[in-house]
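A.B. asks: Numbering (my numbering), first residue to last: 1457 to 1862.
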Amino acid sequence: MNNLLVAQSGGPTAAINATLAGILQGVRASGKIDIVYGARNGIEGAIKGQLIDLNETVSDTRAMDALTYTPSSALGTCRYKMKDWRADEAPYKKIIETFYKYGIRYFIYIGGNDSMDTVDKLDQYCRINGHDFIIMGAPKTIDNDLNLTDHSPGFGSAAKYIATTISELAADIGAFDLPAVTVVEIMGRNAGWLAASAALSRINGGAGADLIYLCERPLDPGKFLSDVREKLSRKSGILVTVSEGVKNSEGVYVSEHTANGAVDNFGHKYIAGAGRALEQLVRHEIGCKVRSVELNLMQRSAAHIASETDIMESMMLGQKALGCALDGETGRMAAIRRLSDEPYRVEFTSVPVCEVANHEKTVPQEWITPDGTDVTEEMISYLKPLIQGETNIKFKNGIPIQVKLY
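1. For HIS1607, does the count of other Cβ atoms within 10 angstroms reach 16, so buried, or fall short, so exposed?
2. Should ASN1716 be labelled buried (16 or more other beta-carbon atoms within 10 Å of its own) or exposed?
3. Note down, in chain order, each residue of its chain lying with its Cβ closer than 7 Å to the Cβ of HIS1587, except the 5 sequence neighbours on either side.
4. Considering only DSSP beta bridges, list what GLY1482 is partnered with.
5. Verify whether the separation of the beta carbon atoms of THR1524 and ILE1767 is less than 8 Å.
6. For LEU1842, which of helix, strand or coil comes out of DSSP?
7. Kindly provide the ranges of any beta strand (DSSP E) runs that are 3 or more residues long and lie completely inside the region 1570-1653, ordered along the chain.
8. What residue from ASP1490, MET1592, ASP1521 and GLY1482 has the CA that sits closest to ALA1791's CA?
9. Which one of MET1457, ILE1598, ASN1660 and LYS1850 has the shortest CA to CA distance from THR1554?
10. Do you know offhand how far GLY1505's Cα is from ARG1732's?
11. What is the DSSP secondary structure of ILE1564, reduced to helix, strand or coil?
12. Cβ-heavy atom distance between ALA1654 and the ligand MN below 7 Å?
13. Please give the ranges of any alpha helix (DSSP H) in the region 1507-1547, keeping only runs that are unbroken, at least 4 residues long and fully inside the region.
14. Less than 8 Å separating the beta-carbons of LYS1616 and ILE1472?
15. Does DSSP classify GLY1774 as helix, strand or coil?
16. Considering only the alpha carbon of each residue, which of ASP1601, ALA1495, ALA1626 and ASP1830 lies closest to THR1397?
17. Do you know offhand how far THR1620's Cα is from ALA1626's?
18. Is DSSP giving SER1657 helix, strand or coil here?
19. Run through DSSP, which three-state label would PRO1677 get?
20. Just to check my reading of the structure: ALA1502 and LEU1461 have Cβ atoms closer than 8 Å, yes? What is that Cβ distance to the nearest angstrom?
21. Taking the beta strand (DSSP E) that GLU1803 falls in, what are its first and last residues?
22. In whole angstroms, give me the CA-to-CA distance for ASP1573 and GLN1580.
23. Count the other C-beta atoms from every protein chain shown that fall within 10 angstroms of the C-beta of PHE1632, then say buried if there are 16 or more, exposed otherwise.
24. With distances taken between CB atoms, is the gap from GLY1774 to ILE1499 smaller than 8 Å?
25. Looking only at its own chain, which residues have a Cβ that is under 6 Å from the Cβ of HIS1815, when we skip the five neighbours before and after it?
26. Using only alpha-carbon positions, find the residue among THR1638, SER1486, LEU1507 and ASN1569 that is nearest to LEU1688.
27. So which of PRO1856, LEU1578, ILE1491 and ARG1535 has the shortest CA-CA distance to TYR1760?
28. On a CA-only basis, which of PRO1468, ALA1477 and ILE1489 is nearest ALA1781? Give me that one, please.
29. Using CA atoms only, rank isn't needed, just tell me which of ARG1645, VAL1640 and GLY1568 is closest to GLY1610.
30. Buried or exposed for SER1623, please, with buried defined as at least 16 other CB atoms from any protein chain shown within 10 angstroms of its CB.
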C-alpha cells in the first residue's frame, strides 16, 4: 500500500493546478509512489470513491505543462464541511474505505482555510482510531488569509490581475473631463489583501486607485462621501476600490441590505454588493456620474495574466507537501517563510495544520494609512515581489490551451 491520493477544494485559482503539477513532478522524481490518484470534486470524491489515475491522465511533459498553466481546479472542487467525527462518523469511514480499497497511504489536500479544517479533522480521526495514513495540506487561496504562511498560492496571480485591471480602468476613466466615480468591488470577506493589491496599480507612475478601503477598517458613509468629494475637487474622474466584506461601524456588511441573507455550507453569508451599495450612496448624495464594477470570478480565474512567481512557488509547495508526507509528517501544511523583500527570498517549510484551520490572517493595521483610505509602503514592499514574472502560456486558435482531468 504505497499510493497517493490528491484532491482540490474550495474556490479555484489560477495556480491551484500548479500545486498539483508540483506533486506529480515530485512523485516522478522520488520513485517512492506507485500510483497517484486524484479525487473528483475534493473530499466528496474520496467519500464516494470517485478517483482517477493521474499516472495515465498526466502522462507526458506536454500534459504537465498544460496542467500547470490551466486555471480552476482540474480535478474539480467542492465546499463540503466535515463535521466532527464524533457527531457524524459516516464520511470518515467511507474515506478510510476508499484509502484501503485503492492502497492509499498518503493523502494531500490542496485548499484554503476550510480545507485545512478537513485535513486537521481527518488526521485526528486517523490517529485516534489507529489508521496509519499520512494526511498533509497544501495551501491555496486568493484571499491570502491562511495563518502561518507568508502568502498563499493563487494570491499573487489574483493581485497581479487586480493591479493590472485597476491600472487599465484608471487610464480609461482618466480620458474624460467629467465628474465621475467608478467603484470597484474586490473579493475579500474578512481579509483585505486583495483590495490592498490595487495599490500596485500605481507603481509604474499611473494614476491607479484614488481610494482603497479594506474590510479591516469600518467604513463610515459620511467620511466616505467626504473622501470622494475631496478627490473630485482635485480631478474629474476618480477610482475607488473596496473589499466586498467592508462593514460599517456597527459591524454590519455594507452590502447587507442588498443581499438575500443566504449562507453557504460553512455558514458564510453571501456578501457581494458593497460596490453597488456605495454606487447608490454616491448617486444619491453627490449626484455625479457613478458606476460600480464587481471583478468577481475573474480575480481567481485570470490565468492569462498569472504571476510566474506565484506559479513557481505553487509548484514548489506541492513538492514540499509531498516531501513532508514521504518523510512521515502528518497533520501539517506546506508553507512559505519569507526571508527578505529585496532581494526577494523565501524558504519552504511545514506548519501544524491545527494552527492554520479556523484562523484568519488579516492585514496588519499598521499597513493601512491612518485615514483608512490607502495602504503604506510596507504593504507595497510585501506585495510587489508576489506579482513578478509572466507565464509562458501556450495558445491554440488564439485561446489559451487548458486541460480537465476527467
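Each residue gets a CB set at the ideal place from its N, CA and C atoms; glycine is no exception.
C.D. replies: Based on what the coordinates show:
1. buried
2. The pLDDT assigned to ASN1716 is 49, lower than 50, so where the model puts this residue is not dependable; a value taken from the coordinates is nonetheless given after this. It counts as exposed.
3. ILE1552
4. DSSP, once it has assigned bridges, lists no residue as partnering GLY1482.
5. yes
6. helix
7. 1590-1595 and 1636-1642
8. MET1592
9. MET1457
10. Roughly 43 Å separates the two Cα atoms.
11. Note: ILE1564 maps to strand in three-state DSSP.
12. Absent from the structure shown: the ligand MN. Ligands present: none.
13. 1510-1513 and 1517-1524
14. no
15. It is helical.
16. Examination of residue 1397 is not possible in this model, given that the chain is present from 1457 through 1862 alone.
17. Distance between the alpha carbons of THR1620 and ALA1626 is about 10 Å.
18. If DSSP states are grouped into helix, strand and coil, SER1657 belongs with the helices.
19. helix
20. About 7 Å separates the two Cβ atoms, so the contact holds.
21. Element bounds for GLU1803: 1801-1808.
22. Rounded to whole angstroms, the gap between the alpha carbons of ASP1573 and GLN1580 is 11 Å.
23. Exposed, because fewer than 16 other Cβ atoms sit within 10 Å of the Cβ of PHE1632.
24. no
25. ASN1603
26. The candidate whose alpha carbon is nearest that of LEU1688 is THR1638.
27. Sequence check: residue 1760 is His here, not Tyr. Nearest Cα to HIS1760 within the set PRO1856, LEU1578, ILE1491 and ARG1535: PRO1856.
28. ILE1489
29. GLY1568
30. buried
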